[in-house]
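Chains as they are written, first to last, in the numbering used here: chain A, 95 to 318; chain B, 530 to 617. Working notes, beginning with the structure itself.
Laid out in structure tokens, this is it:
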């Protein structure tokens with residue numbers, strides 16, 4: 095199977111994302127002006143500062159031609175993972191619920207955190223166990239996920255909360271410790287922490303690999 | 530038409546920028562200032578003013594977390610520095 099890793103002007107984690115994808119499949123970069131995803135079985139939208147994060151993080155990137163292709167791909171049930179800025183882009187595009195606001199401490203954060211897998215049946219978590227802990231780094235300025243109380247209740251009811259920060263480890267003030275969410279069908283997933291930086295014991299953890307393995311598995315199943 | 534769009538965090542949503550500014554004021558001797566909220570202002574010229582609301586909801590503001598207000602810009606004279614004389 096083949097991953098497509100989106101690249102906007104200002105992306106900066108696309109190379110690590112490609113390396114992570116290549117642990118479980120093939121991967122290529124998809125420039126933001128490209129209008130098709132031909133030959134791509136799973137999409138990763140990586141972290142960075144697309145279009146300089148002007149206006150709001152992810153606000154401009156959602157209008158890229160490649161994002162129109164991603165919206166169609168997601169509609170067809172294709173697996174999509176947004177990481178950090180990619181998560182912000184998916185929220186701005188309306189493909190994922192909620193919004194990402196500046197961290198409550200106003201500081202850029204860079205640290206290892208533990209995540210709890212809440213929903214282990216999404217395209218990005220099918221090879222995890224429910225309640226499993228993953229050690230993955232966060233590095234962001236606008237990572238405070240927010241949803242108004244009614245929306246949060248709906249998402250909890252629909253099992254759309256995919257990851258929570260482990261108790262006491264919420265780094266940014268996210269509502270209900272939410273670190274990642276999915277769409278209703280569970281084929282589009284986004285999270286602030288960076289699984290692509292945790293795919294080798296050399297960097298302290300390879301827990302992030304499970305997400306890429308899950309995407310690859312989902313992509314193969316979808317084709318078969 | 531010339532317009533200004535004021536965008537601010539919705540009421541009830543923590544605004545850490547506003548909090549930081551508020552906390553800094555007493556250090557400068559400004560007492561009694563509270564409820565500081567920091568938003569942003571966008572100036573623009575639109576051929577079709579009717580599109581402005583849609584433009585705000587689709588791009589300038591994120592309606593889930595931000596309120597916006599469209600103000601017609603009265604005259605360029607009210608803009609500080611518009612004459613150029615104050616500019617460095």
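We put the beta carbon where it would ideally sit given N, CA and C, even for glycine.
Residue environment, residue i, which counts as buried when at least 16 other CB atoms sit within 10 Å
| i | result |
| --- | --- |
| residue 151 of chain A | buried |
| residue 530 of chain B | exposed |
| residue 148 of chain A | exposed |
| residue 577 of chain B | exposed |
| residue 606 of chain B | For residue 606 of chain B, the predicted structure reports a pLDDT of 46, less than 50, and the residue's modelled location is therefore unreliable. A value from the coordinates is still provided. By the 10 Å Cβ count, residue 606 of chain B comes out exposed. |
| residue 225 of chain A | exposed |
| residue 534 of chain B | buried |
| residue 570 of chain B | exposed |
| residue 572 of chain B | exposed |
| residue 261 of chain A | exposed |
Rounded separation between residue i and residue j - CA only
| i | j | result |
| --- | --- | --- |
| residue 193 of chain A | residue 97 of chain A | 26 Å |
| residue 161 of chain A | residue 113 of chain A | 22 Å |
| residue 123 of chain A | residue 290 of chain A | 15 Å |
| residue 613 of chain B | residue 138 of chain A | Model confidence at residue 613 of chain B stands at a pLDDT of 43, short of 50, so the residue's coordinates are unreliable and nothing is read from them. |
| residue 209 of chain A | residue 109 of chain A | 23 Å |
| residue 201 of chain A | residue 187 of chain A | 25 Å |
| residue 117 of chain A | residue 299 of chain A | 14 Å |
| residue 212 of chain A | residue 100 of chain A | 27 Å |
| residue 128 of chain A | residue 560 of chain B | 55 Å |
| residue 554 of chain B | residue 566 of chain B | 13 Å |
| residue 235 of chain A | residue 590 of chain B | 19 Å |
| residue 153 of chain A | residue 588 of chain B | 7 Å |
Cβ neighbours of residue i in the same chain (closer than 6 Å, five flanking residues each side left out)
| i | result |
| --- | --- |
| residue 142 of chain A | 104, 105, 106, 107, 179 |
| residue 337 of chain A | Look at the range of chain A in this structure, 95 to 318, and you will see that residue 337 of chain A is not part of it. |
| residue 184 of chain A | 176, 190, 284 |
Close Cβ partners of residue i (< 7 Å) along its chain, the five nearest in sequence each way excluded
| i | result |
| --- | --- |
| residue 217 of chain A | 173, 280, 281, 283, 308, 309, 312 |
| residue 189 of chain A | 165, 168, 277, 282 |
| residue 249 of chain A | 191, 241, 255, 275 |
| residue 215 of chain A | 280 |
| residue 617 of chain B | The predicted model places residue 617 of chain B with a pLDDT of 45, which falls under 50 and marks its position as unreliable; any figure quoted below should be read in that light. Answer for residue 617 of chain B: no residue qualifies. |
Residue(s) in a DSSP beta bridge with residue i
| i | result |
| --- | --- |
| residue 229 of chain A | A/208 |
| residue 596 of chain B | B/537 |
| residue 570 of chain B | B/535 |
| residue 240 of chain A | A/193 |
| residue 120 of chain A | A/96 |
| residue 308 of chain A | Answer by DSSP bridge pairing: none, since residue 308 of chain A is not bridged. |
| residue 177 of chain A | A/285 |
Own chain partners of residue i with C-beta closer than 8 Å, once the 5 adjacent residues on each side are dropped
| i | result |
| --- | --- |
| residue 237 of chain A | 178, 194, 197, 203, 265, 266, 268, 286 |
| residue 583 of chain B | none |
Fill in: the stretch 276-295 of chain A contacting the stretch 540-547 of chain B, beta-carbon criterion three pairs below 8 Å
no
Discussion item. Between the stretch 239-257 of chain A and the stretch 265-279 of chain A, can you find at least three pairs of beta-carbon atoms closer than 8 Å?
Written reply: yes
Discussion item. For the structure I just gave you, are there three or more beta carbon pairs, one from the stretch 593-603 of chain B and one from the stretch 167-177 of chain A, closer than 8 Å?
Written reply: no
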